[in-house]
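Peer 1: Here the numbering used here is used: the sequence shown runs in plain steps of one and ends on residue 984.
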Amino acid sequence: MVIETNSPEETFELGRQLGQKAKAGEVYTLIGDLGVGKTVLTQGIARGLGIDEPISSPTFTIVQVYESGRIPFYHFDVYRIGDVEEMDEIGFDDYVYGEGLTMIEWANLIEEILPEHYSQITIEKDLERGFDYRRIIIEEI
Ligand code: ADP
Ligand code: MG
844 MVIETNSPEE TFELGRQLGQ KAKAGEVYTL IGDLGVGKTV LTQGIARGLG
894 IDEPISSPTF TIVQVYESGR IPFYHFDVYR IGDVEEMDEI GFDDYVYGEG
944 LTMIEWANLI EEILPEHYSQ ITIEKDLERG FDYRRIIIEE I
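As structure tokens, then:
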């Protein structure tokens, strides 16, 4: 599935719809360059799950857990991970095979430990289509 957006509000709205539909145990991965809109989309997903507290990028904590929504939300940012063994130490499997929605930014860095099935979201810019244009690709793996 390919969705095109032309503003942060549209990307947020897409996230909100994904969050409304999300089921416990699902895993989303999120891939895209810095400043492409990963956090905007994640904030929409959180809103769709019914989470009202602010969502920041968990860049220095690897995982941030939000329990105030319809189901738990486990937000990973593995950009600074040294090697995948660090993920074991923080209990990665307990989240991924747990009862919440898991979202992993920069998941391409931990490809070898991803579950067998997940939804892969890729966000791309295309400057020929304008500064605020984003192509958002959702694939079932
Ligand atoms: P990332 O988390 O991928 O590093 P952010 O979500 O923090 O990126 O930032 C995305 C930036 O791009 C924001 O400043 C946002 O306002 C801007 N932006 C412009 N157009 C869009 C769009 N269509 N979708 C998402 N963000 C957009
Ligand atoms: Mg971010």
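For glycine and all other residues, C-beta sits at the position ideal for the given N, C-alpha and C.
#1: Strictly by DSSP, which residues pair up with residue 916?
#2: Are the segment 862–880 and the segment 964–982 touching by the rule of at least three beta carbon pairs closer than 8 Å?
#3: From residue 896 to residue 959, what does the alpha carbon distance come to, in whole angstroms?
#4: Rounded to the nearest angstrom, how far is the Cβ of residue 962 from that of residue 869, given a contact under 8 Å?
#5: Give me the DSSP bridge partner(s) of residue 976.
#6: Candidates 944, 875, 975: which alpha carbon is nearest residue 914's?
#7: Looking only at its own chain, which residues have a Cβ that is under 6 Å from the Cβ of residue 859, when we skip the five neighbours before and after it?
#8: In terms of residue numbering, what span does the beta strand (DSSP E) encompassing residue 967 cover?
#9: What's the C-alpha gap between residue 919 and residue 849?
#10: Less than 6 Å between C-beta atoms, sequence neighbours within five positions excluded: which residues of the same chain meet that for residue 922?
#11: Could you pull the start and end residues of the beta strand (DSSP E) that residue 848 belongs to?
#12: Below 8 Å on the Cβ atoms is my contact criterion, and I expect residue 966 with residue 884 to pass it. Report the Cβ-Cβ distance as a whole number of Å.
#13: Going along the chain, which residues of its own chain have a beta-carbon closer than 7 Å to the beta-carbon of residue 861, five neighbours each way excluded?
Peer 2: On the basis of the data shown:
#1: Partner residues in the beta bridge of residue 916, as assigned by DSSP, are 909, 944.
#2: Inter-segment contact for the segment 862–880 and the segment 964–982 is present: three or more beta-carbon pairs are separated by less than 8 Å.
#3: Rounded to whole angstroms, residue 896 to residue 959 spans 31 Å at the Cα level.
#4: Yes, residue 962 and residue 869 are in contact; Cβ-Cβ is about 7 Å, under 8 Å.
#5: Residue 976 is bridged by DSSP to nothing; it lacks a bridge partner.
#6: Proximity to residue 914 across 944, 875, 975 peaks at 944, based on C-alpha coordinates.
#7: The beta carbon of residue 859 lies closer than 6 Å to those of 887, 890, 891 in the same chain, with the five residues before and after it left out.
#8: Boundaries of the beta strand (DSSP E) around residue 967: 962–968.
#9: In this structure, the CA atom of residue 919 is about 26 Å from the CA atom of residue 849.
#10: Close CB contacts of residue 922 within its chain, under the 6 Å cut and outside five residues either way in sequence, are with 949 (chain order).
#11: Residue 848: member of the beta strand (DSSP E) spanning 845–848, first to last residue.
#12: Contact flag correct, Cβ pair sits at about 7 Å.
#13: The answer, listed in chain order, is 888, 891.
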